[in-house]
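Colleague: Chains as they are written, first to last, in our numbering: chain P, 1 to 794; chain V, 1001 to 1237.
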Amino acid sequence: MLAAANIREHWRAFLATFLAVVVGVGLIAVTFILYDSGRPRPQPRVADAPVLVVSNQAVDQTGAVRDRVPWSESEAADLVRQFDGIDGVEATIIDRNFYAQAFANDEPVADEAAMEAGHGWSSARLATYRLTAGRAPQADNEVVVGTDLGVPAGSALPIGLTDGMHTYTVSGTTDGHGFYFTDAEAARRDTGVTTIGLLVPRGSPVSDIADRAGSIVGDAGSALTGDARGVVEPGYITHKRFLGAQLIGAMAVMALFTTIFVVAATLALATTQRRREIGLLRTIGADPRQIRRMVLGEAAIVGLLGSVVGCLAGIFAAPAMLASLDRLDVTPPDSRIIISAWPLLASTAVGTGVAVLGAWVASRSAARVAPIEALLDAATEQRPMSRGRWIAGLAILGLGVVLAFMTAVGDADGRLNLAIGTSVCLIAAAALLAPIVIRPVVRLATAPFARRSSGAGAMLVRAELLNATRRAASTAAPVIVAVGFAVLISGLVDTMRMAYPAETTKQLAGQVLIDPGNAPGLSDAAVTQNPVGRAALPTRLFVARPDAGDTVIDGVGSRDPRWSRPGEAVLDTTMAKFLKVQAGATVTVRFADGLITPLRVAQVLPPDQARGSFVLSRDTVREHDPTALTDNIFMAADQAPAHLSAGARLQNAEQFALEEYNTDAKLTDNLAMMLTVVAVGYSGLAVANSMAMAGYGRRTDFAVMKSAGGTRRQLLDLAVSETGLLVLIGSVLGLLATLPALAGVASGLSAETGTQVTVHLNGGTLTWAVLGSLVMATAASAFVTWNVMRPRNR
Amino acid sequence: MHKVYQRGTQEVQALDGVSIGFPTGTFTAIMGPSGSGKSTLLQCAAGLDEPSAGQIFVAGADISGMDERQRTALRRDRIGFVFQAFNLVASLTAAQNVELPLRFAGRRPDRAEVTRALSAVGLGERTGHRPSELSGGQQQRVALARALITRPDVLVADEPTGALDTKTSREVLSLLRLLVDQQSQTTLMVTHDPVAASYADVVIFLKDGRIADRLELDPTDGSKPSRIAAQMARLEA
Ligand SMILES: Nc1ncnc2c1ncn2[C@@H]1O[C@H](COP(=O)(O)OP(=O)(O)O)[C@@H](O)[C@H]1O
Ligand SMILES: [Mg+2]
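#1: Check distances from the C-beta atoms of the stretch 292-310 of chain P to those of chain V and list, in chain order, the residues that come in under 9 Å.
#2: With 7 Å as the limit, tell me which residues of the stretch 1058-1078 of chain V have their beta carbon closer than that to any beta carbon of chain P; keep them in chain order.
#3: Any heavy atom of ligand 1 inside 7 Å of the beta-carbon of residue 1008 (chain V)?
#4: Give me whichever residues DSSP pairs with residue 1210 (chain V) in a beta bridge.
#5: Which residues are close to ligand 1, meaning CB closer than 5 Å to any heavy atom, in chain order?
#6: Going by beta-carbon coordinates alone, are residue 633 (chain P) and residue 525 (chain P) separated by less than 8 Å?
#7: Which term fits residue 391 (chain P), buried or exposed, when burial requires 16 or more other beta carbons within 10 angstroms of its beta carbon?
#8: Is residue 536 (chain P) helix, strand or coil when you go by DSSP?
#9: Going by C-alpha distance, which of P:550, P:600 and P:617 is nearest residue 594 (chain P)?
#10: Per DSSP, what kind of secondary structure is residue 290 (chain P) in: helix, strand or coil?
#11: With DSSP collapsed to three states, give me the class of residue 136 (chain P).
#12: For the stretch 274-289 of chain P, enumerate the residues whose C-beta is nearer than 9 Å to any C-beta of chain V, in chain order.
#13: Residue range of the beta strand (DSSP E) that residue 222 (chain P) falls in?
#14: Along the beta strand (DSSP E) that carries residue 652 (chain P), what are the first and last residues, could you check?
#15: So which residues of chain V does residue 6 (chain P) contact, with C-beta pairs closer than 9 Å?
#16: Is the distance from the Cβ of residue 1141 (chain V) to the Cβ of residue 285 (chain P) below 8 Å?
#17: Would you check if the distance between the CB atom of residue 1084 (chain V) and the CB atom of residue 1153 (chain V) is smaller than 8 Å?
#18: With a threshold of 8 Å between beta-carbons, can residue 1146 (chain V) be considered close to chain P, or not?
#19: So, for residue 36 (chain P): in the same chain, excluding its five sequence neighbours on each side, which residues have a beta-carbon less than 8 Å away from its beta-carbon?
#20: Listing by chain order, which chain P residues have their CB less than 7 Å from the CB of residue 1100 (chain V)?
#21: Check whether the Cβ atoms of residue 25 (chain P) and residue 310 (chain P) sit closer than 8 Å, and answer yes or no.
#22: Judging by CA-CA distance, which residue of P:554, P:126, P:506 and P:586 is the nearest neighbour of residue 43 (chain P)?
#23: Could you check the C-alpha separation between residue 220 (chain P) and residue 65 (chain P) for me, to the nearest Å?
#24: With 9 Å as the C-beta to C-beta threshold (strictly closer), list the residues of the stretch 1130-1156 of chain V near chain P in chain order.
#25: Can you tell me whether residue 61 (chain P) is helix, strand or coil according to DSSP?
#26: Roughly how many whole angstroms lie between the Cα atoms of residue 267 (chain P) and residue 475 (chain P)?
#27: Looking only at its chain, what residues have a beta carbon closer than 7 Å to the beta carbon of residue 386 (chain P), apart from the 5 residues adjacent to it on each side?
#28: Is residue 1160 (chain V) near residue 1098 (chain V), with beta carbons less than 8 Å apart?
#29: Check this for me: beta carbons of residue 1025 (chain V) and residue 1180 (chain V), under 8 Å apart or not?
#30: Below 8 Å on the Cβ atoms is my contact criterion, and I expect residue 115 (chain P) with residue 520 (chain P) to pass it. Report the Cβ-Cβ distance as a whole number of Å.
#31: If we define contact as Cβ-Cβ less than 8 Å, is residue 1105 (chain V) a contact residue for chain P?
#32: What did DSSP end up calling residue 312 (chain P) once you bin it into helix, strand or coil?
#33: Report the residues of the stretch 1038-1052 of chain V with a CB closer than 8 Å to any CB of chain P, ordered along the chain.
#34: Using a Cβ-Cβ distance under 8 Å, would residue 1022 (chain V) count as near chain A?
#35: Can you find a CB in chain P that lies within less than 8 Å of the CB of residue 1096 (chain V)?
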C-alpha cells in the first residue's frame, strides 16, 4: 500500500529510475527478441527430412561448443544399415557438404555459401527442392545446379573444387541453391559424416522413429525432429549469428550494468531526500525491516512498470535494430522479427530484478534512518563521506591501481579485460571519492571569481558546492562514469588500431600474398602452381581428453619440409601444455574423415602464428580432409609468380592485412559507438535526475533567495553555472580515471609489438560525451529551477 | 537522568539531572527558553533517544536498557506522537495515515475503528483526503487520530500548535484536553505558548537542562495564561 502510494505521490523522484529501466529493458528486450528471432530454423535444404541424426559437438580450447565430431565412413555405413532396419523408415541418406563454386570467365562467381555448396544427389531428397529441368546426375562428370545460377541443363560448367577446377556437364537444374553431384563423387569430396537424414512416409510416427534412431546412435549423437533440426545449417550462417549476438549482447550487458548503477544512484538520492518522512514512519512504529521492504517494494513496482513500457519500446525498436545489424551483415539471411512471449517475460523479470538490485543500497541506508530524524528542522546535509564510502572508495582505488600495473605487464590475452577492469575500478573509485575531491577543486576554481566579483553568483555557487558536497557528488558521479566509459572504449579502439598496423608493418613488410579473391580459398592446383611461400592447409582435429571429452583444435597442414613428415606433428608449447604431452609422446587424433590416427610429437616449439600450434604434413591433412582449403600463400615480394591461377590475386601483404583489420574494425567501431551512446545517455539521465531532485529539494532555499532580492535570472544563472562547473569537474575526473588503463594497454602493446605505442584518445568522442552530459545536465537544472520558481496558486 | 550531546569537541549538557514523573491520566506541559532541553526531555521519555545516564520507565517498563527493536515496538504500541509539522505521509489519505501504526504492527486495520478515530477528532467526513487537501489544523487532528489509534499509554506532542493560527490551535488543544478528561489519556506536551500550556494540569519549567519550576494549575482559574507568561518571563530574565 505504502510503496504504491509513494510512487503515485512522489512520481518525480522515481521518474529517472523508471526511464532507466525503460531504456535498459528496451535494449535487453531487443536483444532477446533478436536472439529468439535469429534462432536456427530448419534450412530448406534439409527441411523435408523429418528426422536428422547428428553427431555430438566437441568443445574448443575455451570450452565453447563447436564442430561436430565426424563418424568415419564405416561407422556411418553401420548406422545407415541400422536406421534402415527401423520400421517406417523409407530411406536413410548421408548428407555431404563440400566446397563447390561456379566459375565464369575464369573468375569465381561470388557466393557466401560456397564453402558448403557441394552435395550428393541423394541429399536433394532431404531438401524441399525439386528438379525443374533435365535429370539427376548419372556419371561422375555430371551435376545438377540451382536455377539461381542461370545455367541451363546441357551446358558445360567449370566448377572450382578443393583440388582445382573441373568442367562438369549440367544434367539438370533444381529450384534451390547448390551443386548436386553423384553420391560417389560426393563421398570422395567429403569423407567423414556428421549428418544423416531419415525419410519416412507421410503420416508415420516421427517421434517413435526418432526415439529408435536416438537409441541406436546412443551417446555418439542425437536424433532431431521439428525446429530442433535448425542446427543443421551452413557455418557462415552460424558465424554471422555469432557476430550479431556478440554485438547486441555486449550492448545488453552494458545496459544491464548501467541500469543497475543509475537505479542505485537515483534511488539513493530519493532516499536522502525523504529522510524526514522515513523518520516519521520509524517514529510511529515501522521497524527497519519494514522500511527496507517499502523501498524495495517501490523499486519492484517502478521496475515492473518500466519493464512493461520497456518491452513495448523493445518491440517497436527491434525491427530498426535488425535493420542496422543487417547493414553490418551480422544476421542470418532472411531474418525477420518474431515476437514470442519468453523474450518479453524474461526482459520484464530482468528489469524488475535490476531495479530491486539497484535499490539494495538505498534500502539499507533508508533502514538506518533514525526515528529522531522526523524532528529535524531542515533536511540537513549528511557528512560528505560515510565510513562505508571511504572504505569502499579506497579499496576499489587500490584494486584499480594493482590492476593498472597488471595491465602493463600482463600478456596479450588478458590485457583487454584487465584494462577494462582497471577502468571500471578507477571510475567507481572516482565516483565514490568525488565528495572529497570536489571540495578542494571547487575552492580552487571559484577562488578568483569569489574574491573579485561583487555579485552574489560566485559567492553562492562556492558556498552551495562546498556545503552540499554530497549532492554535488551525485551530479558529478554520472558524468565521471559517462566520460570515463566513452574515453575508455574509444581510447582502447584507437590505441589498438595504432598498434596493429605498427606490428603488421614490422612482420609483413616486403611480403606479398596470393589471395583467392571471390573464392573462400585456394585449391591444391593453385598451391602446386606456386611452390614457393607459406601455404597452410587448415583443418580441424578432434582429441578425446579424459577430463573434458571431445575437444576440437586447429591443425595446420604445412609444406615446409622442416615439419611435414607423415605420421608426425609439431606442437607449440601452449598446445603441448593443453594436451599434456611432450616431444616424443604420441597424440591420438580423429581427423575430419572420422579416422583415428596416432601421431608422434616430433618437436615442441615456442608459439609462432606463422607456423601454427599443431602442424602436420600437408599431405596428411589432405588425405584425411578433402574439404580443406588454403586461405592464401605468403611469400617474399621478389618471389611473386608471373602467372596466377583463375580468380587468384596478388596483394601487398601489409595492405591486405590492414584491409582485413579495417573490416573487423568497422564492427568494433559500431560496437564502441553503441556502447558510448548507451553510457552517455544513461549518465545524462542520472545527472538530469540529481539536478532535478536537488532543485526540488531546494525550493525553500530559492524562496529565501528570491525574497532577499534575487531575480529569476540570477537564480537561473546560479543553477546553471553550478551544474556546468560540476560537469567539468566530473569530466576531468572521468578522464583521469581512464588514463592509467590506457597507458597500461599502450605500454603492453609497445613491449609486445616492439614498436612505440602511445595512448590515443578520440577527441571527437570525448567532446561528444562531455557536451552531451553538459547539455543534458544544464537543461535539466535550468528547467527545474525555472519550474520551482514559477509562481504557484497553491 | 542526564543527556550530553557531543558537538565537535565540545560537550553540551542538554539535560543535567532531571528527575520527574508523569502520573497516569495527567496532562503535563513542558516549557522553557529555546535550547533549555524541552525536546530532548520529550524524546528521551518517548524512546526516540537514549539518555546518557539515568533510567526511564514507561508504564512500569524500564526503557533505558532496550535495544532499537524493542524501542520500535514500544513506540508503536505504547506511545503516540504528534510533532509541530510534517506529521503525515504525503502520499497517503487521512484514513491510511491513521491505519499506518496498525499495519506496521501487522494488524489488519478495522475500517470502523479508523473512521471512529477520525470522527473523534471531528474529521469523519475527510477520511479519503490527502494531506495536501487538508488545512494545517486538520492535518494535526489527523496526526492526533493516528497517535491514538493504538491506544497508547502516553501521548507525546512537541509544539503541536507551533505552526497553527490561534483559532485552529484552540481546536487542537481542546481536543487534547477532552481526551485527558474523558479517557484519562496521559499526555506530555512541549510548548512555548502560555495559552497552550494553560490547557494542562501541570506546567514544568526547564532552564539549562534542569527543572527550574513547577506550576499546578487550577481548572477553574481564568488567569492561567498570564500567570504562566509571568513565570516564563521571570525564567528568561
Ligand atoms: N543532536 C544534537 N546534537 C548536538 N546538540 C544538540 C542536539 N540536539 C539538541 N542539542 C542541544 O541540546 C540543547 C537542548 O536542545 P533542545 O532539547 O532541542 O532544546 P529546546 O527544545 O528546549 O529548544 C541545546 O543546546 C541544543 O543545541
Ligand atoms: Mg525544541
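Note that the Cβ used here is the ideal one computed from N, Cα and C, for glycine as well.
Remember, predicted model here, so these are calculated numbers, not experimental data.
Modeller: Taking the geometry as given:
#1: Flagged: no residues at all.
#2: Residues passing the 7 Å Cβ filter: 1069, 1072, 1075 and 1076.
#3: Reading the second sequence from its first residue, position 8 is the one you call residue 1008 (chain V). Not under cutoff, so the answer is no.
#4: For this step, residue 1210 (chain V) is matched to residue 210 along the second sequence. Answer is V:1207, bridged to residue 1210 (chain V).
#5: Counting every residue whose Cβ lies closer than 5 Å to a heavy atom of ligand 1, we get V:1005, V:1007, V:1012, V:1014, V:1034, V:1035, V:1036, V:1037, V:1038, V:1039 and V:1040.
#6: Counting from one through the first sequence, the residue named residue 633 (chain P) turns up at place 633. Counting from one through the first sequence, the residue named residue 525 (chain P) turns up at place 525. Taking 8 Å as the cut-off, the beta carbon of residue 633 (chain P) is found no closer than this to the beta carbon of residue 525 (chain P).
#7: Reading the first sequence from its first residue, position 391 is the one you call residue 391 (chain P). Residue environment analysis places residue 391 (chain P) among the exposed positions, since fewer than 16 neighbouring C-beta atoms fall within 10 angstroms of its C-beta.
#8: As a first step, residue 536 (chain P) must be located in the first sequence, where it is residue number 536. Residue 536 (chain P): coil per DSSP, three-state reduction.
#9: The residue you call residue 594 (chain P) lines up with position 594 of the first sequence. Considering only alpha carbons, the answer is P:550.
#10: Mapped onto the first sequence, residue 290 (chain P) falls at position 290. The answer is helix: DSSP assigns residue 290 (chain P) an H, G or I state.
#11: Here residue 136 (chain P) refers to the residue found at position 136 when the first sequence is read from its first residue. Note: residue 136 (chain P) maps to coil in three-state DSSP.
#12: Here the close residues are 276, 277, 280, 281, 282, 283, 284, 285, 286, 287 and 288.
#13: Walking along the first sequence from the start, residue 222 (chain P) turns up at place 222. Note, residue 222 (chain P): beta strand (DSSP E), 221-224.
#14: As a first step, residue 652 (chain P) must be located in the first sequence, where it is residue number 652. Following the DSSP letters along the chain, one finds residue 652 (chain P) inside the beta strand (DSSP E) bounded by residues 649-652.
#15: As a working mapping, residue 6 (chain P) is identified with position 6 in the first sequence. By Cβ distance, chain V contributes 1089, 1090, 1091 and 1092.
#16: Position 141 of the second sequence holds residue 1141 (chain V). Position 285 of the first sequence holds residue 285 (chain P). With a cutoff of 8 Å on beta-carbon distance, residue 1141 (chain V) and residue 285 (chain P) are scored as not near each other.
#17: Position 84 of the second sequence, counted from the start, is the residue given in the question as residue 1084 (chain V). Position 153 of the second sequence, counted from the start, is the residue given in the question as residue 1153 (chain V). In this structure, residue 1153 (chain V) does not lie closer than 8 Å to residue 1084 (chain V) by Cβ.
#18: As a first step, residue 1146 (chain V) is located in the second sequence; it is residue number 146 there, counting from the start. Yes, its Cβ sits closer than 8 Å to a Cβ of chain P.
#19: Stepping through the first sequence from its first residue, residue 36 (chain P) is reached at position 36. Here the set comprises 338, 340, 342 and 343.
#20: Taking the second sequence and counting its residues from 1, one reaches residue 1100 (chain V) at position 100. When 7 Å is used as the limit between beta carbons, residue 1100 (chain V) is near these residues of chain P: 284, in chain order.
#21: Along the first sequence, read from residue 1 onward, the residue named residue 25 (chain P) stands at position 25. Along the first sequence, read from residue 1 onward, the residue named residue 310 (chain P) stands at position 310. In this structure, residue 310 (chain P) lies closer than 8 Å to residue 25 (chain P) by Cβ.
#22: Start at 1 with the first residue of the first sequence, and residue 43 (chain P) comes out as number 43. The option with the nearest alpha carbon to residue 43 (chain P) is P:126.
#23: In the first sequence, counting from the first residue as 1, residue 220 (chain P) sits at position 220. In the first sequence, counting from the first residue as 1, residue 65 (chain P) sits at position 65. Residue 220 (chain P) and residue 65 (chain P): Cα-Cα distance of roughly 15 Å.
#24: Answer set for the stretch 1130-1156 of chain V: 1130, 1132, 1146, 1147 and 1150.
#25: Position 61 of the first sequence holds residue 61 (chain P). Coil, per DSSP.
#26: Start at 1 with the first residue of the first sequence, and residue 267 (chain P) comes out as number 267. Start at 1 with the first residue of the first sequence, and residue 475 (chain P) comes out as number 475. Roughly 14 Å between the two C-alpha positions.
#27: Reading the first sequence from its first residue, position 386 is the one you call residue 386 (chain P). Correct list: empty, nothing qualifies.
#28: The residue given as residue 1160 (chain V) occupies position 160 in the second sequence. The residue given as residue 1098 (chain V) occupies position 98 in the second sequence. Residue 1160 (chain V) is not a Cβ neighbour of residue 1098 (chain V), given a cutoff of 8 Å.
#29: Taking the second sequence and counting its residues from 1, one reaches residue 1025 (chain V) at position 25. Taking the second sequence and counting its residues from 1, one reaches residue 1180 (chain V) at position 180. Yes. Within cutoff.
#30: On the first sequence, residue 115 (chain P) is found 115 positions in, with the first residue counted as 1. On the first sequence, residue 520 (chain P) is found 520 positions in, with the first residue counted as 1. In this structure residue 115 (chain P) is in contact with residue 520 (chain P), their Cβ atoms being roughly 5 Å apart against a cut-off of 8 Å.
#31: Translated into the one-based positions of the second sequence, residue 1105 (chain V) becomes position 105. With its beta carbon less than 8 Å from one in chain P, residue 1105 (chain V) belongs to the interface.
#32: Counting from 1 along the first sequence, the entry for residue 312 (chain P) is found at position 312. Helix.
#33: Legend: CB atoms of the stretch 1038-1052 of chain V lying less than 8 Å from CB atoms of chain P belong to residues 1039, 1043, 1048 and 1049.
#34: No chain A is part of this structure, whose protein chains are labelled P and V.
#35: Within the second sequence, residue 1096 (chain V) is the residue found at index 96, counting from 1. Interface residue, yes.
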